[in-house]
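Written out below as structure tokens is the structure these notes cover.
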Amino acid sequence: AQKVTQAQTEISVVEKEDVTLDCVYETRDTTYYLFWYKQPPSGELVFLIRRNSFDEQNEISGRYSWNFQKSTSSFNFTITASQVVDSAVYFCALSEASDDYKLSFGAGTTVTVRA
Amino acid sequence: ETGVTQTPRHLVMGMTNKKSLKCEQHLGHNAMYWYKQSAKKPLELMFVYSLEERVENNSVPSRFSPECPNSSHLFLHLHTLQPEDSALYLCASSPRGRRETQYFGPGTRLLVL
Chain P
58 AQKVTQAQTE ISVVEKEDVT LDCVYETRDT TYYLFWYKQP PSGELVFLIR RNSFDEQNEI
118 SGRYSWNFQK STSSFNFTIT ASQVVDSAVY FCALSEASDD YKLSFGAGTT VTVRA
Chain W
182 ETGVTQTPRH LVMGMTNKKS LKCEQHLGHN AMYWYKQSAK KPLELMFVYS LEERVENNSV
242 PSRFSPECPN SSHLFLHLHT LQPEDSALYL CASSPRGRRE TQYFGPGTRL LVL
């Protein structure tokens with residue numbers, strides 16, 4: 058079963074619009090970690106954020122913000138005032154205490170920001 | 182060099198060839214990973230090494246053979262591959278491994294003819 062679901066396959070926005078990427082996860086562990094990565098056309102996955110299951114505070118980093126809600130098993134990512142350089146594939150991932158080394162990735166959401 | 186580097190960045194090989202992918206991390210990490218990223222599929226974890234010992238092997242065909250001579254270097258030896266093995270192969274590293282952030286290299290884009 059898919060542990061991380063990113064229901065949005067592709068999102069296209071015009072520059073300066075906000076865009077929110079959904080991530081829903083599934084786990085029976087009480088201790089787990091959630092991640093977001095960005096994959097630009099060059100291919101490298103760039104780490105954006107890591108959040109543990111005990112920290113539900115929302116986080117903001119520049120134009121990026123994350124909304125973690127355990128009640129709905131969601132870890133959504135918002136890009137505010139999008140720019141062309143934000144065009145990439147964004148992956149949400151889950152690491153569970155019961156599987157030390159494995160990162161379960163969602164299928165990714167392709168974001169295209171048009172000038 | 183900084184971060185995680187991978188060579189070559191692109192590789193075209195025939196089904197009877199033998200080639201190797203190289204990964205090097207300059208982060209002082211102790212765990213290294215190989216992932217396969219195929220079109221329209223989630224990233225698949227292939228192998229994990231922690232302190233040069235293989236700790237995970239996710240039912241990968243034997244035509245893929247990993248090697249970790251030290252904690253900074255990781256190889257993926259390829260032989261008699263199939264066209265469906267064409268993909269982006271990503272290497273990653275993390276400080277110790279367990280549930281930590283993994284840092285990725287740029288990948289090797291492999292085409293098997």
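Quick note, the sequences are listed as chains P and W, same order.
58 is the number of the first residue of the first sequence in my numbering; add one for each residue after it.
182 is the number of the first residue of the second sequence in my numbering; add one for each residue after it.
The beta-carbon is built from N, C-alpha and C at its ideal position, and this holds for glycine as well.
In this text the structure is predicted, and so the values were computed from the model without any measurement.
Given that residue i touches chain W, what residues does it touch there, using C-beta distances under 7 Å?
i, result
"P/Y90", "R280"
"P/S152", "R280"
Taking Cβ to Cβ, would you say residue i is nearer than 8 Å to residue j?
i, j, result
"P/G165", "P/V146", "yes"
"P/E101", "W/F285", "yes"
"W/L299", "W/N211", "Since the displayed chain W opens at 182 and closes at 294, residue 299 of chain W lies outside it and no answer follows."
"W/T282", "P/R107", "yes"
"W/L269", "W/Q218", "yes"
"P/D75", "P/T135", "yes"
"P/S131", "P/V61", "no"
For residue i, count neighbouring C-beta atoms within 10 Å of its own C-beta (all shown protein chains included) and say buried if the count is 16 or more, exposed if not.
i, result
"P/Q63", "buried"
"W/E234", "exposed"
"W/M213", "buried"
"W/L208", "exposed"
"P/D143", "buried"
"P/G5", "Because chain P here runs from 58 to 172, residue 5 of chain P falls outside it and cannot be looked at."
"W/Q187", "buried"
"W/V193", "exposed"
"W/A220", "exposed"
"P/A150", "buried"
"P/Q59", "exposed"
"P/S118", "exposed"
"W/P223", "buried"
List the residues of chain P whose Cβ lies closer than 8 Å to the Cβ of residue i, in chain order.
i, result
"W/G288", "G100 and E101"
"W/E237", "Y158 and K159"
"W/V193", "Per Cβ cutoff of 8 Å: no residues; W/V193 is ~16 Å from chain P at best."
Which same chain residues, not among the five before or five after residue i, have their C-beta less than 7 Å away from its C-beta?
i, result
"W/S267", "L291, L292 and V293"
"P/V170", "V70, E72, S139, Q140, V141, D143 and S144"
Starting from residue i, find everything on chain W with Cβ-Cβ shorter than 9 Å and list it in chain order.
i, result
"P/F134", "The premise fails here: P/F134 is roughly 16 Å from chain W at the closest Cβ pair, so nothing lies under 9 Å."
Could you name the residues of chain P that residue i contacts, counting a contact when the two beta carbons are closer than 9 Å?
i, result
"W/P247", "Under the 9 Å cutoff, chain P gives no residues; its nearest Cβ is about 14 Å from W/P247."
"W/V293", "None at all; the shortest Cβ gap to chain P is about 18 Å."
"W/P189", "Those do not exist, as W/P189 stays about 13 Å from chain P at its closest Cβ, beyond 9 Å."
"W/L255", "Near W/L255 there are no residues of chain P at all, since even the closest Cβ is about 14 Å away, more than 9 Å."
Less than 8 Å between C-beta atoms, sequence neighbours within five positions excluded: which residues of the same chain meet that for residue i?
i, result
"W/P264", "M196, V293 and L294"
"P/K127", "S110 and E113"
Using a Cβ cut-off of 7 Å, pull out every chain P residue sitting near residue i, in sequence order please.
i, result
"W/Q283", "L160"
"W/P223", "F162, G163 and A164"
Grab me the residues of residue i's own chain with a C-beta within less than 6 Å of its C-beta, minus the 5 sequence neighbours each way, in chain order.
i, result
"W/C249", "Y230, E233 and L255"
I'd like the ranges of any beta strand (DSSP E) spanning at least 3 consecutive residues and lying wholly in the region 231-287 of chain W.
234-238, 245-251, 254-260 and 268-275
Exercise. Within the region 97-124 of chain P, note down every full alpha helix (DSSP H) run reaching 4 residues or more, in order along the chain.
Key: none
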